[in-house]
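*Asks:* Can you read through this structure? Questions will come right after.
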Amino acid sequence: MSEFPTQARVVIIGGGAVGASSLYHLCKAGWTDCVLLEKNELTAGSTWHAAGNVPTFSSSWSIMNMQRYSAELYRGLGAVVDYPMNYNVTGSVRLGHSRERLQEFQRVVGMGRYQGMDLNILSPDEIKRVYPFVETHDLTGALHDPYDGDIDPAQLTQALAKGARQMGARIERFCPATGVRREGDEWVVSTPKGDIRCEIVVNAAGYYAREVGKWFGRDLPMAVMSHQYMLFDTIPELEKWTHEVGHKLPLLRDVDSSYYLRQEKHGFNLGPYEMGCKAHWVTRDDPFPEDFSFQLFPDDLERLEWYINDAMARVPLLASAGLSKVINGPIPYTPDGNPLIGPMPGVPNAFEACVFTFGICQAGGAGKVLAEWVTEGATEWDMWSCDPRRFTGFEDEGYCVKKAIEVYGHEYAMHFPHHAWPEGRDKKLSAVHARTKAAGAVYAPYNGWERAVWYARPGDDTSEDAQRTWDRKGPWFDAVREEAQAVRDAAGILDLPGFSRFVLKGAGAAEWLARQITGKVPNVGRLGLAYFADDKGRIVTEMSVARIAEDEMVLITAATAQAHDGEWLRRHLEPGLALTDHTTEWSTQILTGPKSRAILAEVSDADLTKGWLTHQMARIVGAEVWLCRVSFAGELGWEIHSKVADTESVWNAVMRAGKGHGLRPFGMFALNSLRVEKGYRAWKGDLSTDYTILQGGLDRFVDWAKPSFRGKAALEAERQRGVTKRFCTLVIEAGDQDPPYMSTIWHQGRVVGELTSGYYGHRTEKVIGLGMLKAEVNVPGTRVEVEIFGTRYPATVMEDAPLWDARNERIRA
Ligand SMILES: Cc1cc2nc3c(=O)[nH]c(=O)nc-3n(C[C@H](O)[C@H](O)[C@H](O)COP(=O)(O)OP(=O)(O)OC[C@H]3O[C@@H](n4cnc5c(N)ncnc54)[C@H](O)[C@@H]3O)c2cc1C
């Protein structure tokens, strides 16, 4: 073996499946000067004891993409690197106990088809053909995933490691990283064998990731859970059946009972995600261990009893087998259950690929994503679902533990569009929270901020259970309609705490901003929407820019975009410019509707004749407010920005004045309804790096005359080539459900596009879809179909103009 490497381009800390895949993919991208450090033997963390299930199923488009890619990679990997592996593609059967579950399956079938996979739904009778030993009397159907299977996680890791070594990478086993320091433009990673100087470091330390993150000043949002599976002895009947048919049973997931059951040789492997689960290493008497390599927690069967009994009733064959072994290992969780993959926020040339809950089935895709981040600074697919910047620092340990327990216990749960999970709530409250609560607000968290989603009227059902439906009409529906109608006919007020807010100052600030955005920087006293593109012309983010002075701008952006946008701006900021975050100092209310001017006139000294897209300082009951003449609801209106200390008195004054004008508080559901009618895009739905600025139909926000801006060359080239797929607005003759994200659009038997938003417009009384459609079909009046939970509904392609107030007369009034 050659000498210990003292220099490398990239050092990866952690040799589990994910670290090995990251190394493999970096090498594949041509970056072979990489070293992976593993404190013990490869796989010593969570990887060695993982069950190795490789599902493709996900209700998230990007996670499904990652898992689909993994499964494809694993099918050929053994041959590519000459390392044969046990990878059994058995397929799987996911049982459904309810109508809602089958709807979820139908949606995933649609997404899978769009990603090139042929998943299908089985009726209860058909289930038996695929899985003869299962009780089906109480089932509504099942999802059959022919691509599902299981892989030996250690062999997978070794194969990836072998492939990386063959391409030139180094792997140092039994060589822990013990610290990092920054020297000039380099990182120096310390190990007992010596220092390694490198350009880039990757934290792939699995459940140790928080410890490694601390060296970079990071406090990673994560908790470690214990997860168990049980192995059962050989069952002669199963052995006989396997010999007869010549293959194993597909993997069975009873997702409503929350476990999987897999044939393991001629017995079973039963793995529940149980409700009474346990977080580890969070109390003083259970400190985080220095080293837990190849170790397990003691068996804890009591927690699993209900699941064992349920599985035995479901597959009675299981009852005939003895339990032979229990594996209880550490498994890391972020608060939303998705891993961290991407640039380390605030730290130069450092990346995260850690905190994987499904790191075996995701390792392949994760390695690809990580390598793209490192080598290209951007990923092929929009990977916001895994971006470390989706967490913004409020996620303390208590929060992380509560959310990890909640996510673990609901690992297979359905995520309904009007449902908010109850744990980790009330982290950040608006100054008028008590007021909105008294008015009947039902809340959901946005970057930890509790925002009203709708206002329940006396007698409305606000129970969590009532929110668990895909149907458009739940207990909120009539109340939301009244809220939207109030905005249309009189006025509504939306409390919007936690709007992310940056101030940009310094000589040359406007010029610098002009180079960052595709469009024009507004004149002093005016504001406008600004779009930021990446070098490929893809949509990075959208912000409202208000020009305060020649070289002073306020940039306002979504609550959830706080860390993302802050990081993007700082990364590109030039010396001499100052960017400061004022998110927590201010709060915002949207006052909108035809009576909003009259209401404001009663309480403020503002010049209310100033037109659309202007801003001004004014006073409301003595408090200084900043009024911006815009409305995401698409009516006459102002955003009222006030210092948090003044927000309550401002709210009270506006509410008092509004009494005589029919003012009513409204929530985020109504806002969503109102904004789709205006064709206003939502970030990380309609606006993502999956689309370019031109595909997004944002041409009017591009100032081609500017000498340069980020993404200009790519956009010019695209304009010359012709835009093949473009933003569209559809009116859909839908059934009882609105189309979820990534519902496919069909035309003459072909999929021709997808929806990125779908919601009911209460002013237009239509189901509206915003999405992307192939250019040749994107012609007003074209009849298409939208697949919603497995059924195709007729739809019409509309003009490229808002469905409500197409000429913006109401907003300009
Ligand atoms: C019982 C059980 C069953 C599971 N079943 C499945 C399944 O069926 N399918 C699935 O997809 N997932 C499953 N998982 C989850 C899966 O095991 C993990 O998500 C996956 O192994 C994570 O891989 P990783 O590479 O991110 O982390 P790890 O495998 O934990 O690797 C991290 C590595 O970093 C090393 N390291 C840490 N600190 C340092 C340092 N300072 N210097 C050098 N090296 C360091 C560690 O030694 C370790 O080897 C299961 C988990 C459990 C507990």
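Convert by adding 647 to the 1-based position in the sequence shown; the result is the number in this note's numbering. A virtual CB, placed ideally from N, CA and C, is assigned to each residue, including glycine. Treat the numbers as computed from the prediction; the structure is a model and nothing was measured.
Relative to the alpha-carbon of W695, which residue among F1374, G723 and L943 has its alpha-carbon at the smallest distance?
*Replies:* L943
*Asks:* At a cut-off of 7 Å, would you count L684 as near ligand 1, judging by its Cβ distance to the nearest heavy atom?
*Replies:* yes
*Asks:* Looking only at its own chain, which residues have a Cβ that is under 8 Å from the Cβ of N735, when we skip the five neighbours before and after it?
*Replies:* G796, D797, I798 and K895
*Asks:* Applying the 10 Å Cβ sphere with the 16-neighbour rule, what's the burial state of G1121?
*Replies:* buried
*Asks:* Are there any heavy atoms of ligand 1 lying less than 7 Å away from the beta-carbon of Y1338, as far as the coordinates show?
*Replies:* no
*Asks:* Look at G1184 and A1361 and say whether their C-beta atoms are less than 8 Å apart.
*Replies:* yes
*Asks:* Shortest alpha-carbon distance to V728 belongs to which of R754, Q753 and H672?
*Replies:* H672
*Asks:* What did DSSP end up calling D1228 once you bin it into helix, strand or coil?
*Replies:* strand
*Asks:* List the residues that DSSP assigns as beta-bridge partners of L1141.
*Replies:* I1237
*Asks:* What's the C-alpha gap between P982 and T1391?
*Replies:* 30 Å
*Asks:* Among T1294, A1137, W1096 and F939, which one has its Cα closest to the Cα of D1516?
*Replies:* The structure shown does not extend to residue 1516, since the chain is modelled only from 648 to 1460, so the question has no answer here.
*Asks:* Quick check on F998: does DSSP put it in helix, strand or coil?
*Replies:* strand
*Asks:* Cβ-heavy atom distance between H791 and ligand 1 below 7 Å?
*Replies:* In this structure, H791 has its CB at a distance of at least 7 Å from all heavy atoms of ligand 1.
*Asks:* Does the Cβ of Q1384 lie closer than 7 Å to at least one heavy atom of ligand 1?
*Replies:* no
*Asks:* Does the contact criterion of 3 or more C-beta pairs under 8 Å hold for the segment 898 to 918 versus the segment 1052 to 1061?
*Replies:* Proximity of the segment 898 to 918 to the segment 1052 to 1061 meets the contact definition, three or more beta-carbon pairs being nearer than 8 Å.
*Asks:* Suppose the cutoff is 6 Å on Cβ atoms and the five residues either side in sequence are ignored; what does the same chain contact list for L1345 look like?
*Replies:* Y1178
*Asks:* For ligand 2, is there any heavy atom lying closer than 7 Å to the beta carbon of I974?
*Replies:* Of the ligands this structure carries, namely ligand 1, none is ligand 2.
*Asks:* Classify A1157 as helix, strand or coil using the three-state DSSP reduction.
*Replies:* helix
*Asks:* Please name the residue, chosen from Q875, A1381, V1399 and Q1342, that lies closest to R1439 on a Cα-to-Cα basis.
*Replies:* A1381
*Asks:* Kindly identify the DSSP beta-bridge partner or partners of W1393.
*Replies:* V1398 and E1432
*Asks:* Under a Cβ-count criterion, where at least 16 other Cβ atoms within 10 Å of its own Cβ denotes burial, should Q1367 be classed as buried or exposed?
*Replies:* exposed
*Asks:* Return the Cβ separation of V1192 and L1220 in integer angstroms, given the expectation that the two are a contact with Cβ distance under 8 Å.
*Replies:* The pair is not a contact, with the Cβ atoms about 15 Å apart (cut-off 8 Å).
*Asks:* Since G1305 and I1140 should fall inside the 8 Å C-beta cutoff, what is the C-beta to C-beta distance between them, to a whole number of angstroms?
*Replies:* 7 Å
*Asks:* Below 8 Å on the Cβ atoms is my guess for S1278 versus S1032; work out the distance and round it to an integer in Å.
*Replies:* Rounded to whole angstroms, the Cβ separation of S1278 and S1032 is 30 Å, and the two are not in contact under 8 Å.
*Asks:* Inspect the beta-carbon positions of Y1407 and D1385 and report whether they are closer than 8 Å.
*Replies:* Contact flag set, yes.
*Asks:* Taking just the CA atoms, how far does M732 sit from I1340?
*Replies:* Those two C-alpha atoms are separated by around 43 Å.
*Asks:* Quick check on the burial criterion: 16 or more other C-beta atoms within 10 angstroms. Buried or exposed for N850?
*Replies:* buried
*Asks:* Let me make sure I understand the geometry here. Which of A1352, E1282 and D1252 has the alpha-carbon closest to that of L1238?
*Replies:* The shortest C-alpha separation from L1238 is found at E1282.
*Asks:* With H, G and I counted as helix, E and B as strand and the rest as coil, what does DSSP make of Y854?
*Replies:* helix
*Asks:* Looking only at its chain, what residues have a beta carbon closer than 7 Å to the beta carbon of W1068, apart from the 5 residues adjacent to it on each side?
*Replies:* E1053
*Asks:* Would you say D1125 faces chain C, with C-beta separation under 8 Å as the test?
*Replies:* Structure shown: chain C not included; a single protein chain is present.
*Asks:* Do Q1469 and ligand 1 come close, with the Cβ less than 7 Å from some heavy atom?
*Replies:* Residue 1469 lies beyond the range of the chain shown here (648 to 1460); nothing can be said about it.
*Asks:* Mapping the DSSP letters down to three states, classify D1118 as helix, strand or coil.
*Replies:* strand
*Asks:* Can C1001 be considered in contact with ligand 1, in the sense that its beta carbon sits closer than 7 Å to one or more heavy atoms?
*Replies:* yes
*Asks:* Hey, is G853 close to ligand 1, as in C-beta under 7 Å from one of its heavy atoms?
*Replies:* yes
*Asks:* May I ask you to report which of helix, strand or coil DSSP gives C1047?
*Replies:* helix
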